[in-house]
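Numbering (UniProt numbering), first residue to last: 1 to 469.
We put the beta carbon where it would ideally sit given N, CA and C, even for glycine.
Because the structure is a prediction, the values reported are computed rather than measured.
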């Protein structure tokens, strides 16, 4: 009886997969002009896809993981590669690749390698079994340098940094020489927020990525160039990671292509993931930062995002009003202000003081940001600037000068060109996810692949000049 039941379930699963293939072929045919654009118009494309490692995929009918059934994981990954090859993206960023299984790794290396891709792999630390794989199509890009970033936190997360150059020049400048056509590409998979206190860990992982990029650019004395961040960010548009990256000048390529704003109303227009709790959300992003984009100082953006998490924990989790939040932060202080000691005590109670979360130096930086008049305490007016930063007056920015993190200014020089990208198109599959729904017959992963087509764009090149005293 059990055998017949398994046979029926297997047949049903095959029917669902067949329907999924039909849907994909229809979607692919409908989007064919998009997928051909990189070849026809010197555009480049990028795909990010969390392919759900078999060691994590739960079987619907059996109390086990897919990794115990070779036929299932082999077939599913064959179909994933079929899709990737059909998309023909210039750069492919995959997460949750089962790097602990040689047969699966060889499958990707063989088929993508035969299609003229260079592959770079990075396993998560502490033998987690899965990791990242980035494939670069040699027709479009050469890999100039490659770095691996190990966060060394309890989530064992990692990131890949690729410094690439276009294989063919997009254009020539007035002096008939090729414009610099280099980019930085990041592939990562952030920690899943199992509880509210882990939001700071995800934010810190992104902070480390941006710090590493700045250090790499400084080390190699790189000029302005576009930066593309790909991956599974395990957080939606409503979270602090999204706001943090936006404050650094990054744009969500999918939202840009579809003209969606940062508003709450547009936060649920699309989804890309159904998690193990059954919730659907948009967590897969391809972020773009162009070299002429205005950016806040990195540390200021970080502090602002951390205060945002503190406010969320006090307001949403602890259900405190603004007045009660101030009382919570000043603890037993007799005077009507927050001391450094009470501030640290409050952060400990919120679960934010930890080597993987906030260390002592970062806590001191937060305090310096809060104590605006440098008198050693934070009064209620200063607290309001933490609670509602927009209510505090901000110095207006000069349109021709952009404050950046190393204390210098960026000036745009009309006679000096750089290149960036515009977002030409962005597609999620299956098409239902673009409408905020998750189809039951989609079985390739618990994530939707996101493909973005970029078009090269001339723009003023930024040149740094010393800040005047």
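Please identify the residue among 89, 68, 433 and 73 whose C-alpha is closest to the C-alpha of residue 270. Taking the chain shown and counting its residues from 1, the one referred to as residue 270 is at position 270. Closest by C-alpha distance to residue 270, out of 89, 68, 433 and 73, is 433.
Residue 361 to residue 215, Cα distance in whole Å? Taking the first residue of the chain shown as position 1, residue 361 is located at position 361. Taking the first residue of the chain shown as position 1, residue 215 is located at position 215. Going from the Cα of residue 361 to the Cα of residue 215 covers about 19 Å.
Roughly how many angstroms separate the alpha carbons of residue 453 and residue 93, rounded to a whole number? Residue mapping note: residue 453 aligns to position 453 of the chain shown, counting from 1. Residue mapping note: residue 93 aligns to position 93 of the chain shown, counting from 1. Cα-Cα distance, rounded: 14 Å.
Rounded to a whole number of angstroms, what is the C-alpha to C-alpha distance between residue 328 and residue 348? What you label residue 328 is simply residue 328 of the chain shown in a count that begins at 1. What you label residue 348 is simply residue 348 of the chain shown in a count that begins at 1. Their backbone Cα atoms lie some 12 Å apart in a straight line.
Taking all protein chains shown into account, do 16 or more other C-beta atoms lie within 10 angstroms of the C-beta of residue 248, making it buried, or fewer, making it exposed? In the chain shown, the residue the question calls residue 248 occupies position 248. Under the 10 Å beta carbon count, residue 248 is surrounded by 16 or more other beta carbons and is classified as buried.
Beta-carbon within less than 7 Å of residue 116's beta-carbon, same chain only, minus the 5 sequence neighbours each way: which residues are those? Sequence index remark: in the chain shown, residue 116 carries index 116 (1-based). Within the same chain, residue 116 has close Cβ partners 137, 138 and 139.
Among 334, 354, 196 and 254, which one has its Cα closest to the Cα of residue 231? Residue numbering aside, residue 231 sits at position 231 when the chain shown is read from its first letter. Checked all of 334, 354, 196 and 254; the closest Cα to residue 231 is 254.
Rounding to the nearest angstrom, what Cα-Cα distance links residue 286 and residue 450 in this structure? Locating residue 286 in the chain shown gives position 286, counting from the first residue. Locating residue 450 in the chain shown gives position 450, counting from the first residue. When rounded, the distance between both Cα atoms is 8 Å.
Apart from the five residues just before and just after residue 65, which ones in its own chain have a Cβ nearer than 8 Å to its Cβ? In the chain shown, the residue the question calls residue 65 occupies position 65. Taken in chain order, the residues that qualify are 54, 55, 56, 57, 58 and 59.
Classify residue 199 as buried or exposed, calling it buried when 16 or more other Cβ atoms lie within 10 Å of its own Cβ. In the chain shown, residue 199 corresponds to position 199, counting from 1. That one is buried.
Kindly confirm or deny that the segment 254-265 and the segment 210-224 touch, where touching means at least three C-beta pairs closer than 8 Å. Contact between the segment 254-265 and the segment 210-224 is absent, because fewer than three Cβ pairs lie under 8 Å.
Cβ-Cβ separation, residue 122 to residue 164 (assumed contact under 8 Å), whole Å: Sequence index remark: in the chain shown, residue 164 carries index 164 (1-based). Sequence index remark: in the chain shown, residue 122 carries index 122 (1-based). Cβ atoms of residue 164 and residue 122 stay farther apart than 8 Å, at about 16 Å.
Cβ-Cβ distance between residue 73 and residue 274 below 8 Å: For the purposes of this step, residue 73 is taken as the residue at position 73 of the chain shown. For the purposes of this step, residue 274 is taken as the residue at position 274 of the chain shown. For the 8 Å CB-CB criterion, residue 73 and residue 274 do not form a contact.
Roughly how far, in whole angstroms, is the beta-carbon of residue 318 from the beta-carbon of residue 331, given that I think they are within contact range, below 8 Å? Residue mapping note: residue 318 aligns to position 318 of the chain shown, counting from 1. Residue mapping note: residue 331 aligns to position 331 of the chain shown, counting from 1. Taking C-beta atoms under 8 Å as the contact rule, residue 318 and residue 331 fail to qualify, at a distance of about 14 Å.
If we call anything under 8 Å between Cβ atoms a contact, is residue 99 one with residue 105? Here the question's residue 99 lines up with position 99 in the chain shown. Here the question's residue 105 lines up with position 105 in the chain shown. At a Cβ-Cβ threshold of 8 Å, residue 99 and residue 105 count as neighbours.
Let me know the secondary structure DSSP gives residue 69 once reduced to three states. The residue you call residue 69 lines up with position 69 of the chain shown. Correct three-state label for residue 69: coil.
Output needed for residue 143: all residues of its chain with C-beta closer than 8 Å, excluding positions within five of it in sequence on either side, in chain order. If you number the chain shown from 1, residue 143 lands on position 143. So the qualifying residues of the chain are 118, 120, 136, 162, 163 and 164.
Given a cut-off of 8 Å, decide if residue 243 and residue 305 are closer than it, judged by their beta-carbon atoms. Numbered from 1 along the chain shown, position 305 holds the residue referred to as residue 305. Numbered from 1 along the chain shown, position 243 holds the residue referred to as residue 243. In this structure, the beta-carbon distance from residue 305 to residue 243 falls below 8 Å.
Burial state of residue 75 (16 or more Cβ within 10 Å): Counted from its first residue, the chain shown places residue 75 at position 75. Exposure of residue 75 is indicated by the presence of fewer than 16 other C-beta atoms within 10 angstroms of its C-beta.
Return the CA-CA distance between residue 263 and residue 234, expressed in angstroms with no decimal places. As a working note, residue 263 is residue 263 in the chain shown. As a working note, residue 234 is residue 234 in the chain shown. The C-alpha of residue 234 is placed about 19 Å away from the C-alpha of residue 263.
Could you check the C-alpha separation between residue 397 and residue 147 for me, to the nearest Å? Taking the first residue of the chain shown as 1, we reach residue 397 at position 397. Taking the first residue of the chain shown as 1, we reach residue 147 at position 147. Reliability fails at residue 397, whose pLDDT of 41 lies under 50, so the model's placement of it is uncertain and the value that follows must be treated cautiously. Approximately 35 Å between the Cα atoms of the pair.
Take residue 183 as the anchor and find which of 194, 448 and 229 has the nearest alpha-carbon. Counting from 1 along the chain shown, the entry for residue 183 is found at position 183. Ranking the options by Cα distance to residue 183, first place goes to 229.
Could you check which residue in 315, 189 and 367 has the C-alpha nearest to that of residue 49? The residue labelled residue 49 in the question sits at position 49 within the chain shown. Here the closest residue by C-alpha is 189.
Under the three-state DSSP convention, the category residue 113 falls into: Within the chain shown, numbered from 1, the residue matching residue 113 stands at position 113. DSSP places residue 113 in helix when its eight states are reduced to three.
Considering only the beta carbon of each residue, do residue 421 and residue 290 sit closer than 8 Å? Along the chain shown, read from residue 1 onward, the residue named residue 421 stands at position 421. Along the chain shown, read from residue 1 onward, the residue named residue 290 stands at position 290. Taking C-beta atoms as the reference points, residue 421 and residue 290 count as a pair closer than 8 Å.
For residue 286, list the residues DSSP reports as bridge partners. If you number the chain shown from 1, residue 286 lands on position 286. Answer by DSSP bridge pairing, in chain order: 230.
Check whether residue 298 and residue 350 have beta carbons under 8 Å apart: As a first step, residue 298 must be located in the chain shown, where it is residue number 298. As a first step, residue 350 must be located in the chain shown, where it is residue number 350. Contact flag unset, no.
What's the gap between the Cα of residue 227 and the Cα of residue 261? Stepping through the chain shown from its first residue, residue 227 is reached at position 227. Stepping through the chain shown from its first residue, residue 261 is reached at position 261. Between residue 227 and residue 261, the alpha-carbon positions lie close to 21 Å from each other.
Determine whether the beta carbon atoms of residue 241 and residue 186 lie at a separation below 8 Å. As a working note, residue 241 is residue 241 in the chain shown. As a working note, residue 186 is residue 186 in the chain shown. No, the pair does not count as a contact, with Cβ atoms beyond the cut-off.
Along the alpha helix (DSSP H) that carries residue 158, what are the first and last residues, could you check? Against the chain shown, residue 158 aligns to sequence position 158. Note, residue 158: premise wrong, no alpha helix (DSSP H); beta strand (DSSP E) at 158-166.
Considering only the beta carbon of each residue, do residue 208 and residue 149 sit closer than 8 Å? If you number the chain shown from 1, residue 208 lands on position 208. If you number the chain shown from 1, residue 149 lands on position 149. At the C-beta level, residue 208 and residue 149 come within 8 Å of one another.
Keeping to the same chain, check which residues put their C-beta closer than 6 Å to that of residue 307; ignore five residues upstream and five downstream. Here residue 307 corresponds to residue number 307 of the chain shown, with the count starting at 1. Excluding residues within five positions, the ones whose Cβ falls inside 6 Å are 386.
Element boundaries [alpha helix (DSSP H), containing residue 248]: What you label residue 248 is simply residue 248 of the chain shown in a count that begins at 1. That residue, residue 248, is in no alpha helix (DSSP H); it is neither H nor E in DSSP.
Give me, in chain order, the residues of the same chain whose beta-carbon lies closer than 8 Å to that of residue 97; leave out the 5 immediate sequence neighbours on both sides. Translated into the one-based positions of the chain shown, residue 97 becomes position 97. Counting only Cβ-Cβ distances below 8 Å, and skipping sequence neighbours, we find 51, 53, 104, 105, 108, 121, 130, 131, 132 and 133.
Mind checking who residue 95 pairs with in its DSSP beta bridge? Taking the chain shown and counting its residues from 1, the one referred to as residue 95 is at position 95. For residue 95, which the question treats as bridged, DSSP gives the partners 50.
How is residue 43 classed by DSSP in three states: helix, strand or coil? Here the question's residue 43 lines up with position 43 in the chain shown. If DSSP states are grouped into helix, strand and coil, residue 43 belongs with coil.
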